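What follows is a set of notes on a single structure, which appears directly below.
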Amino acid sequence: MELSPLTLDNKSEWSELLGISFDRSVGDMAHLLEWFHKGHTVIAWGAWDGTRLVAQYACLLLKLCLPHTPSPVSVGMSLNMAVHPDYRGQGIIKEVSRPVYETIAERQGVAGIGFSNSAGVKVDRRSKGYGYRVIGRMQPSLVCLSHSHSQPLELTDAWPEGLWNEIPSHRATIHLPISRENLQHRYAQHPFRRYHYGVWRENSEIHGIVIYRPIRIGGFPAAALLGAYSADLPELLLRWARTMRDSGIHFIHTLTTPSSQLRDALSHVGKCVNLPYSRSPYFLTVKALDNHLPDLFFQFSAWDFMGGDIL
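Counting with my numbering, you get residues 18 to 328 for the letters of the sequence shown.
What follows is the structure, given as structure tokens:
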């Protein structure tokens, strides 16, 4: 078994492994790899058995905002770790992840973070050398929208053009920085997922945006709320709730950390009820790469993440 860095020069073998591992087409996985590389610095290593790529581990090098800290810190967000079915159970992930995190640390990264499903959490908890700690489980919630007299906003499935007002990101939580460019890459430029947008526009300026997907809950039309961004988040959500109700949608599904700003703002638009955890839950996990990593990283109540932050 030989370990080596992965780049888009390995796209053919890489996308084939991802397609097998996640039951997606090789074409979709190739486009996904291109999308990751266009919007992020990707640090990835693979394990090869001859000319066959049998495992891969990848992280996106991201910035993370911390409370009362003037500058963001660098972290590696793990995603899509994969081992070919013929090679599982041999501890390959621990070996192939090691050089990824060594590289992140060399680039002043202080931690690895990730959103693990149940299978990933088994790896986190059983592998001593892998080093991830499970911090908490993302909470699914259902919101029954109340009547609202707020002004409606624009609904569209096209990314909105126009001048954006600044969206403040100074919060007493751990969260991802916000920018129009990052949001546009995350949602509008995704290679195979399609999203809908609620746009709060005043004259030629955009004051806020809601990202969602139409779904059905118990046979009723509903919306999965992935993200919302504005200097006045409660007012944005009130306008969006009014517009959703006008279009026949009364129920909203969300997935957040308990201290999410989005979760707090939803209390203004209706009754919010925690749902039982699904069969496919997501867990926030953290791996320390710095001996002086603040204890805050291991406090679930300090994190402000939502469904759209899970790539």
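Note that CB positions come from ideal geometry on N, CA and C, so glycine has one too.
Quantities reported herein were computed from a predicted structural model and do not represent experimental measurements.
I need the DSSP call for P157, collapsed to helix, strand or coil. Sequence index remark: in the sequence shown, residue 157 carries index 140 (1-based). Looking at P157 - three-state DSSP - the assignment turns out to be strand.
Are the beta-carbon atoms belonging to L20 and P116 less than 8 Å from one another? As a working mapping, residue 20 is identified with position 3 in the sequence shown. As a working mapping, residue 116 is identified with position 99 in the sequence shown. It is a contact, given that the beta carbons lie within the stated cut-off.
Inter-residue Cα distance where the pair is P87 and S38: In the sequence shown, residue 87 corresponds to position 70, counting from 1. In the sequence shown, residue 38 corresponds to position 21, counting from 1. In this structure, the alpha-carbon of P87 lies about 40 Å from that of S38.
Starting from the C-beta of R280, find all residues in its chain whose C-beta is less than 6 Å away, skip the five residues before and the five after it, and write them out in chain order. For the purposes of this step, residue 280 is taken as the residue at position 263 of the sequence shown. Closer than 6 Å at Cβ, skipping near neighbours: T273.
To the nearest angstrom, how far is the alpha carbon of Y294 from that of N220? What you label residue 294 is simply residue 277 of the sequence shown in a count that begins at 1. What you label residue 220 is simply residue 203 of the sequence shown in a count that begins at 1. Using only the alpha carbons, I get a separation of about 42 Å.
Please tell me whether I184 and Y246 are closer than 8 Å, where the distance is taken between their beta carbons. Within the sequence shown, the letter at position 167 stands for residue 184. Within the sequence shown, the letter at position 229 stands for residue 246. A contact, by the Cβ cut-off of 8 Å.
Measuring only the C-alpha atoms, how far is R41 from L35? Working through the sequence shown from its first residue, we reach residue 41 at position 24. Working through the sequence shown from its first residue, we reach residue 35 at position 18. CA-CA distance, R41 to L35, rounds to 8 Å.
Report yes if the CB atom of L292 is closer than 8 Å to the CB atom of S158, and no otherwise. Residue mapping note: residue 292 aligns to position 275 of the sequence shown, counting from 1. Residue mapping note: residue 158 aligns to position 141 of the sequence shown, counting from 1. In this structure, S158 lies closer than 8 Å to L292 by Cβ.
Would you list, in sequence order, the uninterrupted alpha helix (DSSP H) runs of no fewer than 4 residues that lie entirely inside the stretch 86-145? For the stretch 86-145, whole alpha helix (DSSP H) runs of length 4 or above, ordered along the chain, are 109-123, 135-143.
To the nearest angstrom, how far is the alpha carbon of G325 from that of H101? If you number the sequence shown from 1, residue 325 lands on position 308. If you number the sequence shown from 1, residue 101 lands on position 84. About 28 Å.
Shortest alpha-carbon distance to I191 belongs to which of P84, F53, I327? Within the sequence shown, the letter at position 174 stands for residue 191. Answer by Cα proximity: P84.
Measure the C-alpha to C-alpha separation of Y104 and M18 and round it to an integer number of angstroms. Start at 1 with the first residue of the sequence shown, and residue 104 comes out as number 87. Start at 1 with the first residue of the sequence shown, and residue 18 comes out as number 1. Looking at the two C-alpha atoms, the distance is approximately 11 Å.
Run the CB neighbour count on G287, radius 10 Å, all protein chains shown included, and call it buried at 16 or more, exposed below. As a position in the sequence shown, residue 287 is number 270, starting the count at 1. Burial call: buried.
Which term fits V290, buried or exposed, when burial requires 16 or more other beta carbons within 10 angstroms of its beta carbon? In the sequence shown, counting from the first residue as 1, residue 290 sits at position 273. By the neighbour-count rule (16 or more Cβ atoms within 10 Å), V290 is not buried but exposed.
Quick check on this structure: which residue in G93, V90, K55, A99 has the alpha carbon closest to the alpha carbon of S32? Reading the sequence shown from its first residue, position 15 is the one you call residue 32. Shortest Cα-Cα distance from S32 to any of G93, V90, K55, A99 involves A99.
Helix, strand or coil for G236, going by three-state DSSP, please let me know. Taking the sequence shown and counting its residues from 1, the one referred to as residue 236 is at position 219. When secondary structure is reduced to three states using DSSP, G236 falls in the coil class, being assigned neither helix nor strand.
Can you check which of these residues, V92, W65, Q156, is closest to S276 by C-alpha distance? As a working note, residue 276 is residue 259 in the sequence shown. When each option's Cα is compared against that of S276, the closest is Q156.
Taking the alpha carbon of N97 as the reference point, which residue from N134, K80, V90, I121 has its own alpha carbon closest? Here residue 97 refers to the residue found at position 80 of the sequence shown. Residue N134 holds the alpha-carbon nearest to the alpha-carbon of N97 among N134, K80, V90, I121.
For the alpha helix (DSSP H) containing E51, name the first residue and the last one. Along the sequence shown, one-based indexing puts residue 51 at 34. DSSP places E51 in the uninterrupted alpha helix (DSSP H) bounded by 43-56.
Using a 10 Å radius around the Cβ and a threshold of 16 neighbouring Cβ atoms, would you call D174 buried or exposed? Position 157 of the sequence shown, counting from 1, holds the residue named residue 174. Looking at its Cβ environment, which holds fewer than 16 other Cβ atoms inside 10 Å, D174 is exposed.
What did DSSP end up calling W31 once you bin it into helix, strand or coil? Against the sequence shown, residue 31 aligns to sequence position 14. Reduced to three states, the DSSP call for W31 is helix.
Label D66 either buried or exposed according to how many other C-beta atoms from any shown protein chain fall within 10 Å of its C-beta, with 16 as the threshold for buried. In the sequence shown, the residue the question calls residue 66 occupies position 49. Its Cβ having fewer than 16 others within 10 Å, D66 is exposed.
Can you tell me whether K304 is buried or exposed, with buried defined as 16 or more other CB within 10 angstroms of its CB? By one-based count along the sequence shown, residue 304 stands at place 287. Counting Cβ neighbours within 10 Å, K304 comes out buried, since at least 16 surround it.
Quickly, what does DSSP pair I37 with across the bridge? List them, please. The residue you call residue 37 lines up with position 20 of the sequence shown. Answer is none; I37 lacks a bridge partner.
In the DSSP output, which residue or residues are listed as bridge partners for T302? Translated into positions along the sequence shown, residue 302 becomes position 285. G131, V151, per the DSSP bridge assignment.
Classify Q316 as helix, strand or coil using the three-state DSSP reduction. Against the sequence shown, residue 316 aligns to sequence position 299. Reduced to three states, the DSSP call for Q316 is coil.
Enumerate in chain order the residues of its own chain whose CB-to-CB distance from V227 is below 6 Å, with the five nearest sequence positions on each side excluded. Position 210 of the sequence shown, counting from 1, holds the residue named residue 227. So the list reads G215, A245, W257, once near-sequence residues are dropped.
Suppose the cutoff is 7 Å on Cβ atoms and the five residues either side in sequence are ignored; what does the same chain contact list for Y6 look like? There is no way to answer for residue 6, as the model of the chain reaches only from 18 to 328.
State the DSSP-derived secondary structure class of R211, mapped to helix, strand or coil. Taking the sequence shown and counting its residues from 1, the one referred to as residue 211 is at position 194. Looking at R211 - three-state DSSP - the assignment turns out to be coil, as it is neither helix nor strand.
Where does G106 land, buried or exposed, given buried means 16+ other C-beta within 10 angstroms? Numbered from its first residue, the sequence shown carries residue 106 at position 89. Using a 10 angstroms sphere on the CB of G106, the tally of other CB atoms stays under 16, which defines it as exposed.
Grouping DSSP H, G and I as helix and E and B as strand, with all else coil, what is N182? Position 165 of the sequence shown holds residue 182. Shown here, N182 sits in coil according to DSSP, grouped into three states, outside any helix or strand.
Let me check understanding here. Comparing Cα to Cα, which of H48, T260, I110 lies closest to P169? Taking the sequence shown and counting its residues from 1, the one referred to as residue 169 is at position 152. Residue T260 is the option with its Cα nearest to P169.
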